[in-house]
Structure formats: structure tokens, C-alpha cells
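Take 1415 as the starting number for the sequence shown in our numbering and just add one per residue.
C-beta: ideal position from N, C-alpha, C; glycine also.
Remarks on the structure that follows.
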Amino acid sequence: MTPLVDPFGRAISYLRLSVTDRCDFRCTYCMAEHMQFLPKRDLLTLEELERLSSAFIGLGARRLRITGGEPLVRKGIMTLFRSLSRHLATGALDELTVTTNGSQLARYAAELAECGVRRVNVSLDTLDAKKFAEITRWGHLPQVLDGIAAAKAAGLSVKINAVALKGFNEDELFTLIEWCAAEGHDLTFIEVMPMGEFGEAVRLDQYWPLSDLRARLATRYTINALSERTGGPASYVRLAETGQKIGFITPLTHNFCESCNRVRVTCTGEMFMCLGQEDMADLRAPLRADTDDTLLVAAIRAAIARKPKGHDFDYSRAHVGGAISRTMSHTGG
Ligand code: SAM
Ligand code: SF4
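What follows is the structure in C-alpha cells.
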């Protein structure tokens, strides 16, 4: 089958699939405390998620990341990982990964490893239990640390994702780095993005540019830039003193769209061709219209043909430009 190439010549080889909009945490930058979740009937079933993933793999997707909401709270989620693992066995898929808040990892890490998952991304913004409870509203730090330990024990490599938040975890920059170095985890910092129903003032107030963070890092470590790119918004450096790889996800300070290789599909089958644009294609209708994939594949191709050049997020003006109302938990982070 002809692989997926968008109008700007970018081959689409990476699918990020959200399997639920629900979550057992309520991170302040991601969700409101009292969220209205989607009715269950709107969600793709596990079988539909599997069919959709397999269709993308058939069209040349080499990497698949399962995300959410919190993917590991979806009932029966291991059935999906088990069935997707066959694509790893055949070599059709290079990598199956998951982004999680870590709350269920103690329960599932070993099974994920059995399914061929080699890496997990765990979101952790602070190592202070009180601050953790404050930022996640419903989360418990020890549960997440146990989950991370279980992932490590199962042989999974762990990447910690920390959202850089002004006045919140600035003072933990070196603590986080040292903890990750001691535990052998990679670490990536993310700039807070203008998603969801939040006041602009709040968002601008929380924004800690990673250029700033990096400059602070340079006061203690020798930073060697790495040339590797993932096709996404991350750039990487290595700290000479610890040998650690540190990532920076800077959707706001740098434009990364030229090399974009990915699309996102939500748990209801909405395909977003760009994280920062509203345009989407419904894949649920073609999925449900027929047991054959012809309509589904046609819908995917038609959507890729209108993948936009890039996003319009911009904090450089007095207000937040390009903000969109979708939350990360909806689109799948
Ligand atoms: N629940 C899982 C987790 O927290 O890792 C997966 C989904 S979560 C939406 C994925 C990532 O998006 C997390 O690392 C989270 O910190 C990040 N995120 C959520 N809202 C964000 C925002 N407004 N700006 C930047 N990152 C955000
Ligand atoms: Fe849940 Fe992840 Fe959003 Fe936090 S960032 S509320 S853990 S989906």
C-alpha cells in the first residue's frame, strides 16, 4: 500500500492514540476538577482501537504511542496491548509505547514488558508529595514512585516528563535532574501549552520558557547539544557531568513543524492532523460503517491530504495567541 505522505512531503510514521478521556488525576494545567467525561458509547471499543491501529500500521506507521487521559485506567487495556504486540513480532511496528501518570504502573509494568513495550513515559512534575498533590489534585506521589520502580524492575526504560511551571517546580530543577540521574531515567521538560478552558492570565503566569530553564542548567552542567530529532517538538542535550540525556519540548519557543511525522487520534476516533489546530477527521463513522477497512483507509488518506503546515501557538504577544479549547487529555498528549 502507498505510504502516507502529506502535502508538505512529510511521511506519517507515528500514531499517538488516546484510549480514554478519563483520568484518576486532575492536573491543574490539563483538566478542570469536575470534568464532564464522554458517554461510554462514544468511545471506540478496544476492538475498534485495535482495528484502527492496525490500519495505520498497514499504511506505514512504525511507532505507536498509547495515551489518554490516563490510558492505564481504561478497562481491559491490556487486551489492546496484547493484540498490538503481534505487530512488533512481525516487524511491522518498530515501537509500542505508553504515556502514563504512573498511578497504575505497579499493577501493569510486568505485563507491558511482556507485550513488547520497552519504554514508558511517566509524567512527574515534582518530587515533593505536597506539591504533587497540589498540581495533580487527586494524585499520590508514593503510588507513582512505586509505579516507576515497578517499571524499572520490569526492565522498562523510563522517561520522566515534567511540565516546566514558573514558581512551581523552578526550585526543583536540580533535584529532578539528580534524582533521574541516580535512577537512570531520561528526563524531558515540557513548556506549558495554551490548551483547555483556562484563563489567559493563568497560562501566561505559569509559562516558564525552556530557554530560561536551559540557561539555569548551564550554570551547573556542561550541556552538549545532540543532533537527534524525533520528528516531534523535542530536542535533546547530554549533560557531560552525569551523562544524562535531557529533552526539551518547546512548542512555543521553537517551531518544530517542518519535520512533523505524526497524527493523533482521540478515543472517539477523531483524527487531529495537528495538535495545535482545530481541523479533524472523523474515523469512527467509516470504522463502524463496514467491517472492511476500505472506507477507513480512504478517510485516513483524505485527512492526511489536508494536514496543515503547523500550529499557531504564540506567547510572544501580550495575550496567548493560537490557543485552542481542546485539552491535552482530549487530544492525547
Ligand atoms: N495521563 C498521562 C500522563 O499524564 O502522562 C497521559 C496523557 S497527558 C495529557 C500527556 C502529557 O501531556 C503529560 O506529560 C502532561 O504533563 C502533558 N500536558 C497536559 N496538559 C498540558 C498543557 N496544558 N501543557 C503542556 N503539557 C501538558
Ligand atoms: Fe490526567 Fe495526564 Fe491530564 Fe494529569 S496530565 S490530568 S494525569 S491526563
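- Classified as buried, A1475 has 16 or more neighbouring CB atoms from the shown chains inside 10 Å of its CB.
- Judged by DSSP secondary structure, A1699 falls outside any beta strand (DSSP E) and instead within the alpha helix (DSSP H) spanning R1698 to A1703.
- Taking the Cβ of G1482 as the reference point, at least one heavy atom of ligand 1 falls within a distance shorter than 7 Å.
- Fully contained in the segment 1465-1510 are the following alpha helix (DSSP H) runs of length 4 or more, in chain order: 1491-1504.
- Boundaries of the beta strand (DSSP E) harbouring L1601: D1600 to E1605, taken from the DSSP string.
- In this structure, I1471 keeps its C-beta atom at 8 Å or more from the C-beta atom of A1425.
- Judged by the Cβ position, T1680 fails to qualify as a neighbour of ligand 2 at the 7 Å threshold, every heavy atom of the ligand being at least this far.
- Here the segment 1621-1636 makes contact with the segment 1586-1606; the two share three or more CB pairs at distances below 8 Å.
- Taking the C-beta atoms as reference points, E1464 is found nearer than 8 Å to S1497.
- Distance from the CA atom of L1653 to the CA atom of I1637, rounded to whole angstroms, is 5 Å.
- Contact check between the segment 1441-1450 and the segment 1687-1696: fewer than three CB pairs, one atom from each, fall below 8 Å, which does not count as touching.
- By the Cβ test, the segment 1483-1494 is not in contact with the segment 1545-1553, since fewer than three Cβ pairs between them sit closer than 8 Å.
- Around the Cβ of E1484, a 10 Å sphere holds 16 or more other Cβ atoms; the residue is buried.
- If you check the C-beta of V1558 against ligand 1, you find no heavy atom less than 7 Å away.
- Per DSSP, reduced to three states, the secondary structure at K1544 is helical.
- Of the candidates R1533, P1665, D1438 and G1482, the residue whose Cα lies closest to the Cα of I1574 is R1533.
- Annotated as distal: I1718 and L1494, with beta-carbon spacing of 8 Å or more.
- For the pair N1675 and G1645, the CB atoms are nearer than the 8 Å cut-off.
- With a cut-off of 7 Å, the C-beta of N1583 is classified as distant from ligand 1, since no heavy atom of the ligand falls inside that distance.
- For L1502 and T1459, the gap between their C-alpha atoms comes out near 22 Å.
- DSSP places L1538 outside any alpha helix (DSSP H), giving it a letter other than H or E.
- Look at R1630 here: in three-state DSSP terms it is helix.
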